[in-house]
Amino acid sequence: MSDSIPKLQWLEWAKQIQAISQAGLAYSKDMYDLERFEMLRGLSVEILSRYTEVETEKVKTLFAGETGYATPKVDVRGVVFQDDRILLVRERVDGAWALPGGWADIGLSPKEVAVKEVKEEAGLTVVPVRLLAVLDKKFHDHPPEAYHIYKIFILCERVGGQAEAGMETLEVGFFGRDELPPLSLERNTPKQIQRLFDLRHSTEVWFD
């Protein structure tokens, strides 16, 4: 029976169980309820471990610092063009290419995060221009993910700096839409990159 249920459906159920148990552990005062919420959390960890192929202990560690009401995590990407080529960085973690970016930081706005990430990962000084897209990662062709993640793409204009890799990157380059290198699919998909080329010259905001 379980084999007929898509992997992504199991992941969505596990994330919902995790969110419910996390909120219950934060707000419940009844010792028996707390015990049940802890059991639910353990169940969600087992499911996530199986269907993301991440070790159970690592999944537990991921969720160890998660308390209170569960909300999506936010990933911010800076989108920089030079002529008709898009800025990508080669990630040290997997050797594949991605838009510069990362998790949103406490105390920084999305556009401030985009500026910071482009500087740190590509060496370029940029100014944010406008919002291009707000996407829900689960609706796109990314590998299975333990977290529920929103992705924000912000168009930025280069105003200075020299293209150079940072601590988390190996190379920096600009690529045409027909010459994209192997992409880091955890961070961006070919469809997303192609759509960003179109959105550059549009007033549309792409969102899920």
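Using my numbering, you'd call the opening residue of the sequence shown number 204 and step up by one each time.
For each residue, glycine too, the CB sits at the ideal point set by N, CA and C.
Fair warning: this is a prediction, and the values are worked out from it, not measured in the lab.
Distance between residue j and residue i (C-alpha atoms, nearest Å)
i, j, result
"Ser247", "His351", "14 Å"
"Thr328", "Gln225", "40 Å"
"Leu243", "Ile220", "7 Å"
"Leu214", "Ile289", "33 Å"
"Leu388", "Glu241", "33 Å"
"Ser205", "Phe342", "In this prediction, Ser205 has a pLDDT of 47, which is less than 50 and means its spatial position is unreliable; nothing more can be read from the coordinates."
"Glu320", "Gly310", "15 Å"
"Arg295", "Ala301", "11 Å"
"Lys394", "Leu334", "18 Å"
"Thr255", "Met370", "27 Å"
"Gln365", "Val292", "13 Å"
"Pro346", "Phe284", "26 Å"
Assigned secondary structure, residue i (DSSP; H/G/I helix, E/B strand, else coil)
i, result
"Leu338", "strand"
"Asp311", "Reading off the sequence, residue 311 comes out as Leu, not Asp. Correct three-state label for Leu311: coil."
"Lys394", "helix"
"Glu258", "coil"
"Ala401", "Looking at the sequence shown, residue 401 is not Ala but Asp. Helix at Asp401."
"Glu374", "strand"
"Gly326", "coil"
Beta-carbon contacts of residue i that lie in its chain and below 6 Å, excluding the five residues immediately before and after
i, result
"Phe410", "Val337"
"Phe400", "Arg380"
"Lys218", "His351"
8 Å CB neighbourhood of residue i in its chain, flanking five on each side removed
i, result
"Glu367", "Ala325, Gly326 and Val375"
N- and C-terminal bounds of the alpha helix (DSSP H) containing residue i
i, result
"Leu237", "Met234 to Thr255"
N- and C-terminal bounds of the beta strand (DSSP E) containing residue i
i, result
"Val296", "First-last for Val296: undefined, no H or E at that position."
"Gln365", "It is not in any beta strand (DSSP E) - Gln365 carries neither H nor E in the DSSP assignment."
"Arg280", "Lys276 to Gln285"
Exposure label - residue i; buried when at least 16 CB within 10 Å
i, result
"Ala229", "exposed"
"Lys314", "buried"
"Gly281", "buried"
"Val408", "exposed"
"Lys232", "exposed"
Same chain only: Cβ atoms within 7 Å of residue i, ignoring 5 sequence neighbours per side
i, result
"Asp287", "Gly379"
"Asp339", "Tyr353 and Asp411"
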